[in-house]
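Asks: Chain order of the listed sequences is A and B. According to my numbering, the first sequence is numbered sequentially starting from 1. According to my numbering, the second sequence is numbered sequentially starting from 1. Even for Gly, the Cβ is constructed at its ideal location relative to N, Cα and C. Every value quoted in this text rests on a predicted model; they were computed, and no experiment measured them.
Protein chains: 2
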Amino acid sequence: MTDQADGPAPGRRPTMIDVARVAGVSLKTVSRVANEVPTVRADLAERVRAAMSELGFQRNNVAANLRSGRATATIGLIILDLANPFYSTIAAAAAAVAERFDTQLITASSGWDPARERELVLDLCERRVDGLIIVPTGEDQSYLSTEIGRGTPAVFIDSPPSGCRADTVVLDNRTGTRDLIRRLLAEGHRHIGMITDTLNDFTMRERLAGAREALEEAGVDAGRHAARLYSDHPRSAGDSVGAMLDAPDPPTALFCGNNRILLGAVEELARRRTRLRLAAFDDFEFAPLLPHPVTVVGYDTRALGRLAAEMLFRRLNAPGAEPSNYVIPTYLVDRGTELARE
Amino acid sequence: MTDQADGPAPGRRPTMIDVARVAGVSLKTVSRVANEVPTVRADLAERVRAAMSELGFQRNNVAANLRSGRATATIGLIILDLANPFYSTIAAAAAAVAERFDTQLITASSGWDPARERELVLDLCERRVDGLIIVPTGEDQSYLSTEIGRGTPAVFIDSPPSGCRADTVVLDNRTGTRDLIRRLLAEGHRHIGMITDTLNDFTMRERLAGAREALEEAGVDAGRHAARLYSDHPRSAGDSVGAMLDAPDPPTALFCGNNRILLGAVEELARRRTRLRLAAFDDFEFAPLLPHPVTVVGYDTRALGRLAAEMLFRRLNAPGAEPSNYVIPTYLVDRGTELARE
DNA sequence: TTGAAAGCGCTAACAG
DNA sequence: CTGTTAGCGCTTTCAA
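(1) Determine which residues of the segment 267 to 290 of chain B have a Cβ less than 8 Å from any Cβ of chain A, and write them out in chain order.
(2) Three or more beta-carbon pairs under 8 Å between the segment 303 to 323 of chain B and the segment 136 to 145 of chain B, yes or no?
(3) Have a look at Thr177 of chain B and Leu262 of chain B and give me their C-alpha separation to the nearest angstrom.
(4) Do we get a CB-CB distance below 7 Å when we pair Asn61 of chain A with the residues of chain B?
(5) Answer yes if the segment 102 to 112 of chain B comes into contact with the segment 94 to 108 of chain A, meaning at least three C-beta pairs across the two stretches below 8 Å, and no otherwise.
(6) DSSP three-state label for Leu171 of chain A, please.
(7) Please state if the CB of Thr29 of chain A and the CB of Ile75 of chain A are separated by a distance shorter than 7 Å.
(8) Any beta-carbon of chain B closer than 7 Å to the one on Arg150 of chain A?
(9) List the residues of chain A whose Cβ lies closer than 7 Å to the Cβ of Cys164 of chain B, in chain order.
(10) Look at the alpha carbon of Arg49 of chain B and the alpha carbon of Pro14 of chain B, and state the distance between them as a whole number of angstroms.
(11) Please state whether the Cβ-Cβ distance between Ser324 of chain A and Asp167 of chain A is less than 7 Å.
(12) Quickly, what does DSSP pair Asp334 of chain B with across the bridge? List them, please.
(13) Label Arg207 of chain B either buried or exposed according to how many other C-beta atoms from any shown protein chain fall within 10 Å of its C-beta, with 16 as the threshold for buried.
(14) Listed from N- to C-terminal order along the chain, which residues in the segment 82 to 112 of chain B have their beta-carbon within a distance smaller than 7 Å of any beta-carbon of chain A?
(15) Within its chain, find whatever has a CB closer than 7 Å to the CB of Arg190 of chain B; leave out the 5 residues flanking it on each side and keep chain order.
(16) Quick one: is Ile134 of chain A buried, meaning 16 or more other Cβ sit within 10 Å of its Cβ, or exposed?
(17) At a Cβ threshold of 7 Å, is Arg128 of chain A touching chain B?
(18) Run down chain B in chain order and give the residues with a C-beta less than 7 Å from the C-beta of Thr146 of chain A.
(19) Under 7 Å between C-beta atoms, does Thr337 of chain A make it to chain B?
(20) So which of A:Glu99, A:Ala186 and A:Ser26 has the shortest CA-CA distance to Leu313 of chain A?
(21) Apart from the five residues on each side of it in sequence, which residues of its chain come closer than 8 Å, Cβ to Cβ, to Ile328 of chain A?
(22) Within 7 Å (strictly less), CB to CB, does Arg13 of chain A reach chain B?
(23) List, in order along the chain, the chain A residues whose C-beta lies closer than 7 Å to that of Leu66 of chain B?
(24) Just verifying my parser: in three-state terms, what is the DSSP assignment at Phe313 of chain A?
(25) Let me confirm a value: Arg21 of chain A is counted as buried when at least 16 other C-beta atoms fall within 10 Å, else exposed. Which label applies?
(26) For Ile78 of chain B, count neighbouring Cβ atoms within 10 angstroms of its own Cβ and tell me buried if that reaches 16, exposed if not.
(27) Taking Cβ to Cβ, would you say Glu126 of chain B is nearer than 7 Å to Asn65 of chain A?
(28) Tell whether a beta-carbon distance below 7 Å holds between Ser240 of chain A and Ile195 of chain A.
(29) Using CA atoms only, rank isn't needed, just tell me which of B:Arg150, B:Gly149 and B:Val296 is closest to Phe284 of chain B.
(30) Relative to the C-alpha of Gly24 of chain A, which residue among A:Leu80, A:Gly138 and A:Met52 is closest?
(31) Interface residues of chain B around Cys125 of chain A at Cβ under 9 Å?
(32) Just to confirm the assignment, what range does the beta strand (DSSP E) spanning Thr74 of chain A have?
(33) Do you know offhand how far Pro234 of chain A's Cα is from Ala253 of chain A's?
(34) Skipping 5 residues on each side, what residues in its chain have a beta carbon closer than 8 Å to that of Glu139 of chain A?
(35) Beta-carbon within less than 8 Å of Arg205 of chain B's beta-carbon, same chain only, minus the 5 sequence neighbours each way: which residues are those?
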């Protein structure tokens, strides 16, 4: 005796047709019950619900969305590296907003690879996500223009797009760095070493521009403090610090363009048992533990993700508005261990 | 003059039918070109491709999967809190594996809420994800049994499920803690204060069990070192440390059940300018900066996510195998600043 | 209030 | 090699 007559095959997922057969109603009535349409006679609805739980029915949302043309309740988030706390904080904040809108988040890392970024965007569009939040690699995003025009809005975080118009949420890199350098200048420093990452990066260029503003308004020769670029993450920041200190007329203060550079600098200073006026862009959770006092430019990382997601949902509900640009304010904080200060 | 005659409406996304019309071929030929089926005459394929890029066609994968019954190339990851580096590291590792399988990851946080966890599982199943990776809240997961039976496999990370059978990847909490406590005992400590989180948590119970093993085999009275539970994250770990130190016959060493507890303890010791033999479960990126030496139980967090994802994809390709359980090994590391050691 | 028919965008199965 | 027909699981439309 098989159950072919009155039930679905063992492995198959039950469909509304199966439910309808068991409940003795039409497919459409099952659909109405599943969608909580109120105009269904109570006893029928009850029979349908019984059949649903008997079969363990679960609506196939993929199919439902296809016919109705409804949104997929999914947004794509493309960041550079989920393992980096900066980006995972952004992801968490965006996810919290998405949850409020009953939307799921597909998160993917481009790993600073423009080709991968493009692939991801296209893949996500083929999945018909409702919108995209992107931390761009800084290359060309013109391929997004048609997508945006077709109603898949995008919001850019941390850096603006190039080659297409879209909403953006960025840090106030320029003002933050300007205020930081101003403070060093006010303390009397006239020789500030500046260590930055690659200047292909929008944020790094802005930070350097802010530093120059402060130096110029103080009448200090910016050329003398030319940034020493460093190649890659690990030790090279420390090497740059070493080179600066070993040169004639070494700087009395150091500005580090981001927190990884700061860590390299701190290590190098600890190795040399040297103290210097330290300043950096980026606050981070364990900055208070640093064995060296440092003044950092802080900001609300969660706000980046939160505002981007909020802008996206606003745009989903009001398409066609002009792209807007939100700038997250920055502030100065003093960090480093008390132990180390004594 | 409108373009209604030969093109889709302005806002609408072009479908294969539109492409077919423009290219002067049948829908099926377009489908073949889109799927890179080789048996299409070169000139036709070229015309189709031209029409595709003219219209900006993008295949609707949702529809494609519906008919073909193919997998959605999407897996769901349910973690406790994406903002927590432990979980975001797991997510990043799982994402890296998913990428190798051309699969996207929907990541969602349950926030330690069992009801939310259940909602998320059901939502993801309705979206027909190919599989689930779950860091469970420790409550009942029996609702997953039918899903698993129906071919949506699940892998549990960090804690095993209750109420259903599934693959798991967990840390060797017990051995790690046992080895750590053994070391303290070998150093001569006979009074070890133990500060743990809620014992509803599987990992914390296991760690405590490991500690007890070490104490018992050394013939040390475990009761005397009863764990002081602490209520919530912020200061209460520090308060527990304070209470222990102010009691008569205070401990000479401290075991902290996780890294948040360790931070609270370190702060309290710094406040009191007291030094104690410190030990804890969980290594973390900035542990080397701690202003107090500490021996921690380390492990490869990425391995948790990586192995879980690999188990999931293995199961997707070989359904029906018995659930297996993978245990990640642990090791001891000495941390804390050199500065603080001098 | 209920149901039959059509169709979302695509692929499977089969025919030409 | 190409096209036609059917149909995935659901919703929409419209008639009963």
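Replies: Taking the definition as stated:
(1) Per Cβ criterion, the list reads Ala270, Glu285, Phe286, Leu289 and Leu290.
(2) Cβ pair count under 8 Å is below three, so no.
(3) As a working note, residue 177 of chain B is residue 177 in the second sequence. As a working note, residue 262 of chain B is residue 262 in the second sequence. Approximately 14 Å, taken between the alpha carbons.
(4) For the purposes of this step, residue 61 of chain A is identified with residue 61 of the first sequence, where counting begins at 1. With respect to chain B, the C-beta atom of Asn61 of chain A has a partner C-beta closer than 7 Å.
(5) Taking 8 Å as the limit for Cβ pairs, the verdict is that the segment 102 to 112 of chain B does touch the segment 94 to 108 of chain A.
(6) For this step, residue 171 of chain A is matched to residue 171 along the first sequence. Assigned with DSSP and collapsed to three states, Leu171 of chain A falls in strand.
(7) For the purposes of this step, residue 75 of chain A is taken as residue 75 along the first sequence, with counting starting at 1. For the purposes of this step, residue 29 of chain A is taken as residue 29 along the first sequence, with counting starting at 1. The Cβ-Cβ distance between Ile75 of chain A and Thr29 of chain A does not fall below 7 Å.
(8) Translated into positions along the first sequence, residue 150 of chain A becomes position 150. Yes - at least one Cβ of chain B is within 7 Å of the one on Arg150 of chain A.
(9) The count along the second sequence starts at 1 and reaches residue 164 of chain B at position 164. Those do not exist, as Cys164 of chain B stays about 14 Å from chain A at its closest Cβ, beyond 7 Å.
(10) Locating residue 49 of chain B in the second sequence gives position 49, where the first residue counts as 1. Locating residue 14 of chain B in the second sequence gives position 14, where the first residue counts as 1. Going from the Cα of Arg49 of chain B to the Cα of Pro14 of chain B covers about 13 Å.
(11) Counting from one through the first sequence, the residue named residue 324 of chain A turns up at place 324. Counting from one through the first sequence, the residue named residue 167 of chain A turns up at place 167. Contact flag set, yes.
(12) One-based indexing of the second sequence puts residue 334 of chain B at position 334. For Asp334 of chain B, the beta-bridge partners assigned by DSSP are B:Thr295.
(13) Residue mapping note: residue 207 of chain B aligns to position 207 of the second sequence, counting from 1. Arg207 of chain B is buried by the Cβ-count criterion.
(14) Listed by position, the residues of the segment 82 to 112 of chain B near chain A (Cβ gap below 7 Å) are Leu82, Ala83, Pro85, Ser88, Thr89, Ala91, Ala92, Ala95, Gln104, Leu105, Ile106, Thr107, Ala108 and Ser109.
(15) Stepping through the second sequence from its first residue, residue 190 of chain B is reached at position 190. Val220, listed in sequence order.
(16) Numbered from its first residue, the first sequence carries residue 134 of chain A at position 134. Answer is buried; the Cβ neighbour count reaches 16.
(17) Your numbering for residue 128 of chain A matches position 128 in the first sequence. Interface residue, yes.
(18) Counting from 1 along the first sequence, the entry for residue 146 of chain A is found at position 146. What Thr146 of chain A touches in chain B: Gly56.
(19) Translated into the one-based positions of the first sequence, residue 337 of chain A becomes position 337. At a cut-off of 7 Å between C-beta atoms, Thr337 of chain A counts as an interface residue with respect to chain B.
(20) Taking the first residue of the first sequence as position 1, residue 313 of chain A is located at position 313. What sits at residue 313 of chain A in the sequence shown is Phe, not Leu. By alpha-carbon distance to Phe313 of chain A, the top candidate from A:Glu99, A:Ala186 and A:Ser26 is A:Glu99.
(21) The residue you call residue 328 of chain A lines up with position 328 of the first sequence. Within the same chain, Ile328 of chain A has close Cβ partners Val169, Val170, Leu171, Asp172, Tyr299, Asp300, Ala303, Leu304 and Leu307.
(22) Walking along the first sequence from the start, residue 13 of chain A turns up at place 13. Closer than 7 Å: yes.
(23) Counted from its first residue, the second sequence places residue 66 of chain B at position 66. Within chain A, the residues whose beta carbon sits less than 7 Å from that of Leu66 of chain B are Val62, Ala63 and Leu66, listed in sequence order.
(24) Against the first sequence, residue 313 of chain A aligns to sequence position 313. Reduced to three states, the DSSP call for Phe313 of chain A is helix.
(25) Your numbering for residue 21 of chain A matches position 21 in the first sequence. Around the beta carbon of Arg21 of chain A, a 10 Å sphere encloses 16 or more other beta carbons of the protein chains shown; the residue is thus reported as buried.
(26) In the second sequence, residue 78 of chain B corresponds to position 78, counting from 1. Answer is buried; the Cβ neighbour count reaches 16.
(27) By one-based count along the second sequence, residue 126 of chain B stands at place 126. By one-based count along the first sequence, residue 65 of chain A stands at place 65. Taking 7 Å as the Cβ cut-off, Glu126 of chain B and Asn65 of chain A do not qualify as a contacting pair.
(28) Here the question's residue 240 of chain A lines up with position 240 in the first sequence. Here the question's residue 195 of chain A lines up with position 195 in the first sequence. Judged by beta-carbon spacing, Ile195 of chain A lies within the 7 Å limit of Ser240 of chain A, meaning their Cβ atoms are closer than that value.
(29) As a working mapping, residue 284 of chain B is identified with position 284 in the second sequence. The candidate whose alpha carbon is nearest that of Phe284 of chain B is B:Val296.
(30) Indexing the first sequence from 1 puts residue 24 of chain A at position 24. Cα-wise, what sits closest to Gly24 of chain A is A:Met52.
(31) For this step, residue 125 of chain A is matched to residue 125 along the first sequence. The contact set of Cys125 of chain A on chain B, defined by CB atoms closer than 9 Å, consists of Gln58 in chain order.
(32) Along the first sequence, read from residue 1 onward, the residue named residue 74 of chain A stands at position 74. Looking at the DSSP string, the run of the beta strand (DSSP E) that includes Thr74 of chain A is Thr74 to Ile79.
(33) Along the first sequence, read from residue 1 onward, the residue named residue 234 of chain A stands at position 234. Along the first sequence, read from residue 1 onward, the residue named residue 253 of chain A stands at position 253. Interpretation of Pro234 of chain A is limited by its pLDDT of 47, a score under 50 that renders its predicted location unreliable; the figure taken from the coordinates is listed afterwards. Separation of Pro234 of chain A and Ala253 of chain A (C-alpha to C-alpha, rounded to the nearest whole angstrom) is 22 Å.
(34) Reading the first sequence from its first residue, position 139 is the one you call residue 139 of chain A. Excluding sequence neighbours, Glu139 of chain A sits near Pro114, Glu117 and Ser162.
(35) The residue labelled residue 205 of chain B in the question sits at position 205 within the second sequence. The answer, listed in chain order, is Leu199.
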